[in-house]
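Numbering-wise, the sequence shown is residues 290 to 1194 according to my numbering.
Structure, as structure tokens:
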Amino acid sequence: MNSNTSLIFNYWGKAHQSDEPGGEPYHLLPYHCLDVASVAAYWWDHSPALRHLFCANQSCSEEELRAWLLFFIALHDLGKFDIRFQCKAQNVWLALNPQDKTQRLPVIAECRGYDHGAAGLFWFIHDHEVASPDDGFGFSSPAPHPYQSWFSWLEAVCGHHGTIRSHAEVQAGSYQLLAAPAIIHRDKVARQQWLEVLAKLFLAPAGIALSNIPPQCSPLLAGFCSVADWLGSMVTEDTFQFRVEPCAEGDGLEAYYQQRYAQDAKKAVTRAGLLGKAKPNASIETLLSAGQCPRQLQVLVDELPIAAGLTLIEAPTGAGKTETALAYAWKLIEQNLADSIIFALPTQATANAMLERMEKLAPLIFSNPNLVLAHGNARFNEQFQAIRHNGKNLQGENAWSQCCDWISQSRKRVFLGQIGVCTIDQVLISVLPLRHRFVRGFGVGRSVLIVDEVHAYDRYMYGLLEGVLQDQAKVGSPVILLSATLPELQKQLLLESYAPSADVTSVNQSHLNLPPYPLISWVSGVQVQCFDLTQQTQHLPPTFSVRIQPRYTTEATPDSDVLKSLIAAAQQGAQVCLICNRVDVAQHAYNALQTMASEDIELQLFHARFSLTDRKTKEAQALSSFGVQGERSIGRILVATQVVEQSLDIDFDWLVTQLCPVDLLFQRLGRLHRHSRTHRPEGFKAPAATVLLPSEEGFGVLGKIYSHTRVMWRTQRAIEALGEDELHFPAAYRAWIEPIYSEEPDDDEPGWVREGMETFEQDVFTQQLKARQMKRWAEQASLMDNDTNARAVTREGAQSITLVPYVQTAAGRLLLDGESIFEQLGEYQQQEALALNQVNVPESWRKSLDTEPDDYQRYWIVGVEMKDGWRDASSNFYYSRDAGMALATPAQSQTSLGTAVSHTQ
290 MNSNTSLIFN YWGKAHQSDE PGGEPYHLLP YHCLDVASVA AYWWDHSPAL
340 RHLFCANQSC SEEELRAWLL FFIALHDLGK FDIRFQCKAQ NVWLALNPQD
390 KTQRLPVIAE CRGYDHGAAG LFWFIHDHEV ASPDDGFGFS SPAPHPYQSW
440 FSWLEAVCGH HGTIRSHAEV QAGSYQLLAA PAIIHRDKVA RQQWLEVLAK
490 LFLAPAGIAL SNIPPQCSPL LAGFCSVADW LGSMVTEDTF QFRVEPCAEG
540 DGLEAYYQQR YAQDAKKAVT RAGLLGKAKP NASIETLLSA GQCPRQLQVL
590 VDELPIAAGL TLIEAPTGAG KTETALAYAW KLIEQNLADS IIFALPTQAT
640 ANAMLERMEK LAPLIFSNPN LVLAHGNARF NEQFQAIRHN GKNLQGENAW
690 SQCCDWISQS RKRVFLGQIG VCTIDQVLIS VLPLRHRFVR GFGVGRSVLI
740 VDEVHAYDRY MYGLLEGVLQ DQAKVGSPVI LLSATLPELQ KQLLLESYAP
790 SADVTSVNQS HLNLPPYPLI SWVSGVQVQC FDLTQQTQHL PPTFSVRIQP
840 RYTTEATPDS DVLKSLIAAA QQGAQVCLIC NRVDVAQHAY NALQTMASED
890 IELQLFHARF SLTDRKTKEA QALSSFGVQG ERSIGRILVA TQVVEQSLDI
940 DFDWLVTQLC PVDLLFQRLG RLHRHSRTHR PEGFKAPAAT VLLPSEEGFG
990 VLGKIYSHTR VMWRTQRAIE ALGEDELHFP AAYRAWIEPI YSEEPDDDEP
1040 GWVREGMETF EQDVFTQQLK ARQMKRWAEQ ASLMDNDTNA RAVTREGAQS
1090 ITLVPYVQTA AGRLLLDGES IFEQLGEYQQ QEALALNQVN VPESWRKSLD
1140 TEPDDYQRYW IVGVEMKDGW RDASSNFYYS RDAGMALATP AQSQTSLGTA
1190 VSHTQ
């Protein structure tokens, strides 16, 4: 063996117990590093889109960039050349270095807490330090580090275990080793030897020396390296078997690397489903039903730029936005501008519905696509589990799953397939302080990101989304945003987030000169282009009209007269929906309807304050009754909250809704006569809606739900001004939304509106500040990537807490489903049972709790089982499978809520 490099073979990189697969008890460190590099190399060589993204805006050649990339990835475990890591498996170390049996080795505590990622960066800095020159007065001034240009690359690869540390941060950290000088010196020599080996292996063939300055480090590197490390560490019967024998002299390591590249890396990357192949000849026609021609904005697909940019599609429901976005994404992928598609939606229900559509469309775009559903409860989606199961059956016995099994095994890998359908919070995590967020960022960055219903988010989430758009622009990845009802100001913020140098005022005109509608806006760099249908009038979306009836009640709540009207409509056979802004209002209305309505009227209640098990039942019931194939032989009433604005494809004959901001009102009106039907009851053949308005000045509780007082006031005033006129779509999208959301106050604006706006603007400022702070924190802290932390840093965390209702029995804690005894379940089954039986409630309920949360911030509440559900021991909380979780009023707490059921298990 070459004596100049022999020392590196005295270090192990992977070790396991003798009964684990892999053959040998350990794997030498140089081999593991080259395993990971071989995965990265094979992936790079077989993914044109990946190469395009890494090479964008680089001044060096593709060959040179590949050399630097593999060189640094092979350095990702530099910190394992340290006695503290090696002594984590002391028996292996001593087998490799028997001379150390007489040396004082680090104690267990020093080894257990050793972070070899951050330490690798630390040691590189200190191994190659240059002494500061004396200024002649006995003082030294800082000298530039000889490898300063390497730091961003090393920071990225050394963070592969979840947290990226900056070079400044590790220099201030405590990574110095207190050990025998001979051991410290030997580790340093080994690290320097490894650097020389990698320079010869990867840099020299590209004509690069260690003294050369590398190109700019891509934001994608950390995620790319981390995934390559996962795959390069996966030992199977035919990949990455451990090897303990050092290489022969000469080119032994080169031969080892080439063998791993050609065999093991090829199998690993292919089996993991990372190399999707888009079908040729992308077109909108392929995505449409047989014989169907492009309609409405779909005719614009072929006019859109084949270049990375942000594309904003504004069009009404039913205009074909989804197929337009997919066809355009397909064209971009065909030109290697991205590798995959991510479709982000506002709710789990909309994501579930999109999965059903994508299962049919994905095979039209990709050959053997990996289709993954990503949200907190994706594992309970039966359709997704069937997709995973089918994928497994397509592979050999020793292979990882085709389709999405390996990818979907970890929340960190959900965006590594060809198509990911997810809730928006899964995308936002890429800019939040969770471990391995950069892996999600890598998945998003290599994809065409499509965000649907982009108007449906609050100011905090917009602040995070702007960070995602900025990241996409940095790596040159395309984004497509879809909306029917996007206000001008929000549109401008989104466009500027991706292209801050572009003049977006050309697509954000004042309401005195409204832009056309539908409209596609595209920005990139300084370029702005707009595409509309004004010259193709035959493709304009069909017009339709809705009659709006204002009705005044106390705080705009449904009173007995309103409820009687609902019952009368249902008695005529109408399918009716009452949409409330608060769950407690919906529950109260539902309970009153149960008392007032006859038994032949079917009543349903749907909101978010059910356990997952019961919510799925409620959702299925609503779809079977009011969906496109709904059974409509009898009249029905659905009492619901905002969950029906985007979540469900349901259709009503008549709609009653509490006042809400105009864009959300239009979403609700979109549930009226949504589908073409041959029969609707007499009196309901034309779309009509009743909007409940407050009979008194101000918005009271309504203003706490929707605090943009000016928008609420203007929306009410616009409804009142309609009189007997109908509201005409799609013209109303521009004609109403733009002036209602104008920032300029009206001359006749009441004082209470102005006061409300002061509170609203302060809240907006707070949310923006919180988003900025959270993004900054992402660079400094890393929380574990679990449901609790994800909810805490995305939209849900500031608004809800989690309750776990249970009944204490002799056998243990019985959960809401009446079947799961928590203590009798295994660890995995316990987590599954909790996910199915817990209930999210408003954060304000915390003050009514007399218990502390567990480590996952869940509140366990003991109670008694009732005939219709559960109530807690103090009668503060009660749960009904029919009505969901409720907080009892003081009067209710003094009365019986049902009959308790005893348990003798």
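Every residue gets a Cβ at the ideal spot worked out from N, C-alpha and C, and that includes glycine.
How would you call D628, buried or exposed, if buried means at least 16 neighbouring beta carbons within 10 angstroms?
buried
Does the beta-carbon distance from R702 to G732 come in below 9 Å? yes
Query - Cα-Cα separation between I630 and P658, rounded to whole angstroms - result: Looking at the backbone, the Cα of I630 and that of P658 are separated by about 11 Å.
- Message: Mapping the DSSP letters down to three states, classify F704 as helix, strand or coil.
- Response: coil
query: Okay, do the region 734-753 and the region 985-999 touch, 3+ Cβ pairs below 8 Å being the bar?
result: Verdict: no, contact absent.
query: Do L626 and M647 have their CB atoms nearer than 9 Å?
result: no
| request: Jot down the residue ranges of each uninterrupted alpha helix (DSSP H) in the region 1095-1166, minimum 4 residues, whole runs only, in chain order. | output: 1116-1126
Threshold first: 4 residues or longer. Then list the alpha helix (DSSP H) segments lying entirely within the region 551-596, N to C. 555-560, 573-576
key: CA nearest to the CA of E574, picked from T613, D389, A384   = For the residues T613, D389, A384, the minimum Cα distance to E574 belongs to T613.
In this structure, how does DSSP classify V507 when only helix, strand and coil are distinguished?
It is Ser, not Val, that sits at residue 507 in the sequence shown. If DSSP states are grouped into helix, strand and coil, S507 belongs with coil.
Worksheet item: Distance, Cα to Cα, M1174 vs I713?
Response: 26 Å
Check: So, helix, strand or coil for I939, using DSSP?
Finding: In the structure shown, I939 falls within a strand segment according to DSSP collapsed to helix, strand and coil.
- Going by the CB atoms, is the gap between L1016 and S772 shorter than 9 Å? The answer is no: Cβ separation not under 9 Å.
Given 8 Å, three or more beta-carbon pairs between the region 517-536 and the region 368-380:
no
*Under a three-way DSSP split, which group does F370 fall into?*
coil
Next item on the list: Go through its chain and collect everything with a Cβ distance to L601's Cβ below 6 Å, but skip five positions before and after it.
Entry: L770, S810
Using DSSP's beta-bridge definition, name the partner residues of K303.
H316
**Message:** Let me make sure I understand the geometry here. Which of G496, R454, H365 has the alpha-carbon closest to that of Y320?
**Reply:** H365
Inset, instruction - Apply the 10 Å Cβ neighbour rule to D553 and answer buried if 16 or more other Cβ atoms are within range, or exposed otherwise. - result: buried
task = Just mark T1048 as buried or exposed, buried being the case when its beta carbon has 16 or more other beta carbons within 10 Å.
result = exposed
Closest by CA to D1036, which one among R1003, V812, R1065, A1021?
R1003
**Prompt:** In whole angstroms, what separates the C-alpha of T832 from that of L803?
**Reply:** One C-alpha to the other measures close to 18 Å.
Apart from the five residues just before and just after K555, which ones in its own chain have a Cβ nearer than 8 Å to its Cβ? Y331
**Report entry** Run of the alpha helix (DSSP H) containing S441, from where it starts to where it stops
**Finding:** 440-447
Notebook entry, point to check: Can at least three beta-carbon pairs, one atom from the region 942-950 and one from the region 877-891, be found at a separation below 8 Å?
Noted result: no
Helix, strand or coil for G919? Go by DSSP, reduced to three states.
coil
**Beta-carbon spacing of F374, L492 below 9 Å** = no
*asked:* Can you look up L775 in the DSSP assignment and give me helix, strand or coil?
replied: coil
message = Can you check which of these residues, D591, D792, I1026, is closest to F820 by C-alpha distance?
response = Answer by Cα proximity: D591.
Taking the C-alpha atoms as reference points, what is the distance between V248 and E1032?
Not covered by the structure: residue 248. The range shown for the chain is 290 to 1194.
* Measure the Cβ-Cβ separation of A875 and V865 and say whether it is below 9 Å. => no
Residue range of the beta strand (DSSP E) that includes C819 | 816-821
DSSP-derived helix/strand/coil call for I890
Of the three classes helix, strand and coil, the one that applies to I890 here is coil, per DSSP.
- Message: Let me check understanding here. Comparing Cα to Cα, which of E418, H449, L775 lies closest to Q460?
- Response: E418
Rounded to whole angstroms, what's the CA-CA distance from H305 to R726? Just pull it up for me. Each residue's alpha carbon lies about 28 Å from the other.
Cα-Cα separation, M750 to Q437: 36 Å
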